[in-house]
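Asker: Before I ask anything, here is the structure I am working with.
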Amino acid sequence: MSEDHADTDQGTPADQPLADDIRLLGRLLGEVIREQEGEEAYNLVEQVRQLAVAYRRDDDEQADQALKHLLQSQPAIMLVCVVRAFTYFSLLANLAEDRHYIRRRLARERGGDVQEGSLEATMARLRNAGIGASRIAQTLRESHVSPVLTAHPTEVQRKSILDAQRAIAQLLSERDDIRARAPVHGQGVADADEAEDGDGKEPGKPRASDRVLARELDMNAAQLRGRIVQLWSTRLLRMSRLTVADEIENALSYYQSTFLREIPRLYASLEHEMPDQPVASFLRMGQWIGGDRDGNPNVSADTLAYALKRQAEIALRHYLAETHQLGGELSMSSYLVDVAPELLALADRSPDQSAHRRDEPYRKALSGIYARLAATLHVLTGVEAAPHPVAPQPPYARAEEFLEDLAVIDRSLHSHHAAALGEQRLRPLMRAASVFGFHLATVDLRQSSDKHEAVVAELLATARAHADYANLDEEGRVTLLLRQLDDPRPLRVPGAGYSDLALGELAIFEAARLMRERYGHHAIRHYIISHTETVSDLLEVLLLQKESGLLHGLLSEDARADLIVVPLFETIEDLRNATTIMRGFYALPGVFELVRRSGAEQDIMLGYSDSNKDGGIFTSNWELYRAGIALAALFDEFAARAPIKLRMFHGRGGTVGRGGGPSYQAILAQPPGTVRGQLRLTEQGEVIASKYTNPDIGRRNLETLVAATLQATLLQTQQQAPRAHLDAAAALSSASMRAYRALVYETPGFRDYFFGSTPIREIAELNIGSRPASRSGGQRIEDLRAIPWGFSWGQCRLTLPGWFGFGSAVQAYVDEAGARGDDAWSLLRAMYRDWPFFRTLLSNLDMVLAKSDLALAARYAELVDDDALRDRIFPAIEAEWQRTAQALSRITGEDGRLANNPVLARSISHRFPYLDPLHHVQVELMQRYREGRGDAVVKTGIHISINGIAAGLRNSG
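The sequence shown begins at 1 in the UniProt record's numbering and counts up one residue at a time.
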């Protein structure tokens, strides 16, 4: 790309380094394209860029027509080059933005500006409210916070690309370090040729220090160029459909780069804030990949076993590496320092008999620990550690044994004035062992309720317990299931011929039992039931646990379940019925006592994606809010009998339409009394890459989860919103859902419009993700998984699930209030000002509207073959967009988008002009593909464009 490729508003002087980085990266990318692809390709990229920018900035119809003609005239191979260029630029711009975020945050912290959402700000707020460290520590002991990584059908990043991005991010960080050493008395490194010597030597001659720094910057730029060459030369796409094993490996890369080191650092920050209080390990990672079978026929007992084996290997290799390094650091001689007797005993048990370490008890002890870890690695994973010259040792049976050995070393250091030696590596290693154990992350199991029903029906029929379970009414099912849960005999008949479905589902439960025995009870704790609609859906999973040895005892006597049965309430109707279902479940004989004996914990998962697809953005959020309030009240009722800890599990996706948006504000906007130190939430797709590829940003994102949980638990008022606010929200929800469903489910031809104007067909047909885009294989809107539904709208820049219906809802509410003589606008502004739920929802709507683009969406609408259908539906969508934007402006008092989010506004101004070419080329390639001109090159171009747009939008799926 050209020298002036970064057509960006440089903004404040503080943003100049960002503009400089983007300019440098774009120039280097342009050089690589010219060198690798030739002058013709380079010039084409530049021509497309200039025409796209002219179309965006000036609404230039001539530029629009010229761009269309240019793209139509190009062979597919040249268009793929253009797509690759702008995809890589999006990736590079993201890295520059991430670096600038870290740069600005550090600058603010050094200037004494405490960042909202940081632990420091939260702890100060708690102290100012009179909440002491002991109460905070007690709250953390009772808390459970867990981000849960999930894969989905639109995952697009390859690990090779992620690794190259991490290397570039490190080089940008090093470049900042070089700049920081620039002499303050001169004009800086960039102007070294103009500076005086500084030692009285001839004017115009650069100082030696300037020359050195300039040379370092040049070397850094050369290394960046090399990494960009690597990116350009690395295949963006997989040659075959993504497998579950690929998804597992992709997720594990974030543990290696971020979580294993940054989570202990987060705990260290908490310990710094509360130096006299022990900090419990309340923050742990969760994982769906390998255990989520809902809609994915490729997940099996084998993938579950593979996931946990690889997770154990990642954890143990980290411990081995850190233990080895620790042995090099704790070189103290017993001739010079005293050590604790228990440390001497640990050293004496070590197989390390080297004469060189006769007087080095810490090193001897660590050699023994290393040997036991190596044995553990082999037992749990079948792989060997690096050779270690000591005799084999017995493996650790549990991670707690490893942690206790480390604690022996720590106590000895503390008791002999050497605690400082443990701060850099030993304490983080102990925290890692406490948090990650030998399992790394808790793997959730998930399957749809209809699959459980089919398996239970087959078991009952084969055992001749009931011939037709499926046709029983709900009362009959519950009665039969309770009877079976009280029967000590298993249902399975040895030697009977069961279906593949039944064998596969039972194998998962059996594998879960074995995995818990092997890796510890934290390895698998939750069983999530998609489409929970009845009490029997929960009982069926308890019965399947019983059949697999995961439920011990009889329900009416002493039963205990190893896995928490987690209902997932997804649709609007399901959310409305959630409290009724849970009340009915706990009213059954033996259930309350079962949960109490099994740990007194109840997770309930709330689905953002399907509820949005079902009822639209406002209704989804409102019903989630109402369900949270009602469920919290129900479990408060239970507390009079005995406390059961309620934990909401938020099934948030990347887009606002799927529950996305800033996690900090989302947690603080939860209904009063629904957090209470308990929080699980999903992290998906490109959001994982955006949040956790960079270790520093990863730690900050984890920090905001902890900070928000503490604030929502200890500072949030327990008082509900005023009745007028709740009534207004209910009215808005009703009108919003009517408008949304009128378009999506009741407009004739809307399905054809959606399939024509978005890349949903291409997403479904190309090798993107490990599971089908549709649960049933059909093409009805109802059949589509919510993830590709939202992803497709993001690709065409309409982002419809994130805003549609709100404008009509406000208009209907204002009109109705006006007829009564009420001032609706004043109430809506008060709701925005005083109610976190409403304010956060509108803030997210603001973000979605800012990321949408009607001009680009119109270009995608041209792909619809039926002109009359397009001319009927697109104007209706456009009119609702205008209504929503106007309503939002009138309520918030801000005419433009993102007035209260300058960071995102800056990000959009930098990146979006370079997303436009990707959209234009994608439309051209989709047109060719649908006309039957879709050879392998065209398909490749479409796939890469999907990747690039997703990367540029950052929360697209």
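Here a beta-carbon is modelled for each residue, glycine too, at the ideal position from N, C-alpha and C. Keep in mind that this is a model prediction, so the values were computed, not measured.
Put Gly476 into one of helix, strand or coil per three-state DSSP.
Answerer: Position 476 of the sequence shown, counted from the start, is the residue given in the question as residue 476. Gly476 falls in the helix class under three-state DSSP.
Asker: Assuming Thr150 contacts Trp288 (C-beta within less than 8 Å), just tell me the rounded distance between them.
Answerer: By 1-based counting over the sequence shown, the position of residue 150 is 150. By 1-based counting over the sequence shown, the position of residue 288 is 288. Indeed, because the Cβ distance is near 4 Å, the residues count as touching under 8 Å.
Asker: When you compare the CB positions of Ser945 and Val48, do they come within less than 7 Å of one another, or not?
Answerer: In the sequence shown, residue 945 corresponds to position 945, counting from 1. In the sequence shown, residue 48 corresponds to position 48, counting from 1. Not closer than 7 Å, so no.
Asker: So, helix, strand or coil for Phe649, using DSSP?
Answerer: For the purposes of this step, residue 649 is taken as the residue at position 649 of the sequence shown. Note: Phe649 maps to strand in three-state DSSP.
Asker: Do Ala502 and Val455 have their beta-carbon atoms positioned less than 7 Å apart in this structure?
Answerer: Mapped onto the sequence shown, residue 455 falls at position 455. Mapped onto the sequence shown, residue 502 falls at position 502. Judged by their CB atoms, Val455 and Ala502 are nearer to each other than the 7 Å cut-off.
Asker: Relative to the ligand MN, is the shortest distance from any of its heavy atoms to the C-beta of Asn901 smaller than 6 Å?
Answerer: Inclusion of the ligand MN in the displayed structure is not the case, the ligand content being empty and no account of it being possible.
Asker: Which whole-angstrom value describes the C-beta separation of Ile942 and Tyr753, a residue pair presumed to lie in contact below a C-beta threshold of 8 Å?
Answerer: Taking the sequence shown and counting its residues from 1, one reaches residue 942 at position 942. Taking the sequence shown and counting its residues from 1, one reaches residue 753 at position 753. In fact, because the Cβ distance is near 20 Å, the residues do not count as touching under 8 Å.
Asker: Looking at the strands, I want to know which residues DSSP matches up with residue 959.
Answerer: Nothing about residue 959 can be reported from this structure: the residues present for the chain run from 1 to 957 only.
Asker: Take the Cβ of Glu194 as the centre, count every other Cβ of all protein chains shown within 10 Å, and call the residue buried at 16 or more, exposed below.
Answerer: On the sequence shown, position 194 is the one that residue 194 refers to. The predicted model places Glu194 with a pLDDT of 36, which falls under 50 and marks its position as unreliable, so this point remains unresolved.
Asker: Mapping the DSSP letters down to three states, classify Thr258 as helix, strand or coil.
Answerer: Locating residue 258 in the sequence shown gives position 258, where the first residue counts as 1. Correct three-state label for Thr258: helix.
Asker: Asp916 and Ala52 - do their beta-carbons sit closer together than 7 Å?
Answerer: If you number the sequence shown from 1, residue 52 lands on position 52. If you number the sequence shown from 1, residue 916 lands on position 916. Closer than 7 Å, so yes.
Asker: To which residues does DSSP link Ser233 through a beta bridge?
Answerer: Looking up residue 233 in the sequence shown gives position 233. Note: Ser233 sits in no beta bridge, so no partner.
Asker: Leu326: which of Ile409, Val299 and Leu863 sits nearest, CA to CA?
Answerer: On the sequence shown, position 326 is the one that residue 326 refers to. That would be Ile409, whose Cα lies nearest to the Cα of Leu326.
Asker: Tell me which residue opens and which closes the alpha helix (DSSP H) that Asp64 is part of.
Answerer: Reading the sequence shown from its first residue, position 64 is the one you call residue 64. Segment Glu61 to Gln72, the alpha helix (DSSP H) holding Asp64.
Asker: By the three-class DSSP mapping on this structure, what secondary structure does His552 have?
Answerer: The residue given as residue 552 occupies position 552 in the sequence shown. Residue state, collapsed to three classes: strand.
Asker: If distances are taken between C-alpha atoms only, which option among Arg56, Ile22 and Gln74 comes closest to Asn43?
Answerer: Reading the sequence shown from its first residue, position 43 is the one you call residue 43. Checking every option, the nearest Cα to that of Asn43 belongs to Gln74.
Asker: Could you give the DSSP three-state label for Asp603: helix, strand or coil?
Answerer: Position 603 of the sequence shown, counting from 1, holds the residue named residue 603. When secondary structure is reduced to three states using DSSP, Asp603 falls in the strand class.
Asker: Which ranges does the alpha helix (DSSP H) cover as unbroken runs of at least 4 residues, wholly within the segment 552-592, from first to last along the chain?
Answerer: 572-587
Asker: Taking only three categories from DSSP, how would you classify Ile528?
Answerer: Numbered from 1 along the sequence shown, position 528 holds the residue referred to as residue 528. Ile528 falls in the strand class under three-state DSSP.
Asker: If you drop the 5 nearest sequence neighbours on each side, which residues of the same chain put their C-beta closer than 8 Å to that of Ala724?
Answerer: For the purposes of this step, residue 724 is taken as residue 724 along the sequence shown, with counting starting at 1. Leu827, listed in sequence order.
Asker: Let me know the alpha helix (DSSP H) ranges lying completely inside the segment 415-445, each 4 residues or longer, listed in chain order.
Answerer: 426-436
Asker: Please state the DSSP three-state secondary structure of Asp197.
Answerer: What you label residue 197 is simply residue 197 of the sequence shown in a count that begins at 1. Confidence at Asp197 is low in this model, with a pLDDT of 41, below 50, so its placement is unreliable and the value that follows should be read with caution. Three-state result, Asp197: coil.
Asker: Are at least three pairs of beta-carbons, each pair with one atom in the segment 865-881 and one in the segment 628-642, less than 8 Å apart?
Answerer: no
Asker: With respect to the alpha helix (DSSP H) encompassing His919, which residues constitute its N-terminal and C-terminal limits?
Answerer: Position 919 of the sequence shown, counting from 1, holds the residue named residue 919. DSSP places His919 inside the alpha helix (DSSP H), whose first and last residues are Asp916 to Arg928.
Asker: Note down the Cα distance separating Leu538 from Ala407, rounded to an integer number of angstroms.
Answerer: Here residue 538 is taken as the residue at index 538 of the sequence shown, counted from 1. Here residue 407 is taken as the residue at index 407 of the sequence shown, counted from 1. Spanning the two alpha carbons is a distance of roughly 41 Å.
Asker: According to DSSP, which residues form a beta bridge with Ser448?
Answerer: Working through the sequence shown from its first residue, we reach residue 448 at position 448. According to DSSP, Ser448 shares a beta bridge with Ser530.
Asker: How big is the Cα-Cα spacing for Ala433 and Gly549?
Answerer: Translated into positions along the sequence shown, residue 433 becomes position 433. Translated into positions along the sequence shown, residue 549 becomes position 549. Their backbone Cα atoms lie some 28 Å apart in a straight line.
Asker: Quick check on DSSP: helix, strand or coil for Gly615?
Answerer: For the purposes of this step, residue 615 is taken as residue 615 along the sequence shown, with counting starting at 1. Here Gly615 sits in helix by DSSP.
Asker: Roughly how many angstroms lie between the CA atoms of Asp846 and Lys613, to the nearest whole one?
Answerer: Taking the sequence shown and counting its residues from 1, the one referred to as residue 846 is at position 846. Taking the sequence shown and counting its residues from 1, the one referred to as residue 613 is at position 613. Approximately 19 Å, taken between the alpha carbons.
Asker: Helix or strand or just coil, what does DSSP make of Asp191?
Answerer: Taking the sequence shown and counting its residues from 1, the one referred to as residue 191 is at position 191. For Asp191, the predicted model reports a pLDDT of 39, less than 50, meaning its position is unreliable; a value from the coordinates is still stated below. Looking at Asp191 - three-state DSSP - the assignment turns out to be helix.
Asker: Should the segment 371-390 be regarded as contacting the segment 337-355, the criterion being three or more beta carbon pairs within less than 8 Å?
Answerer: yes
Asker: Identify every residue that forms a DSSP beta bridge with Gly286.
Answerer: Here residue 286 is taken as the residue at index 286 of the sequence shown, counted from 1. According to the DSSP secondary-structure assignment, Gly286 is paired through a beta bridge with Val148 and Thr442.
Asker: Tell me which residue opens and which closes the alpha helix (DSSP H) that Pro695 is part of.
Answerer: As a first step, residue 695 must be located in the sequence shown, where it is residue number 695. Where Pro695 is concerned, the enclosing alpha helix (DSSP H) stretches over Pro695 to Leu714.
Asker: Relative to the C-alpha of Ser620, which candidate in Pro275, Met737, Ala951 and Arg516 has its C-alpha closest?
Answerer: Taking the first residue of the sequence shown as 1, we reach residue 620 at position 620. Per the Cα distances, Met737.
Asker: How many angstroms separate the CA atom of His795 from the CA atom of Ala735?
Answerer: By one-based count along the sequence shown, residue 795 stands at place 795. By one-based count along the sequence shown, residue 735 stands at place 735. First, the amino acid is wrong: residue 795 is Gln here, not His. Cα to Cα, the separation comes out at about 27 Å.
Asker: Residues in its own chain within less than 6 Å of Thr534 by CB, not counting five upstream and five downstream?
Answerer: Within the sequence shown, residue 534 is the residue found at index 534, counting from 1. Sequence-distant partners of Thr534 (beyond 5 residues in either direction) whose C-beta falls short of 6 Å from its own C-beta, in its chain, are Glu474.
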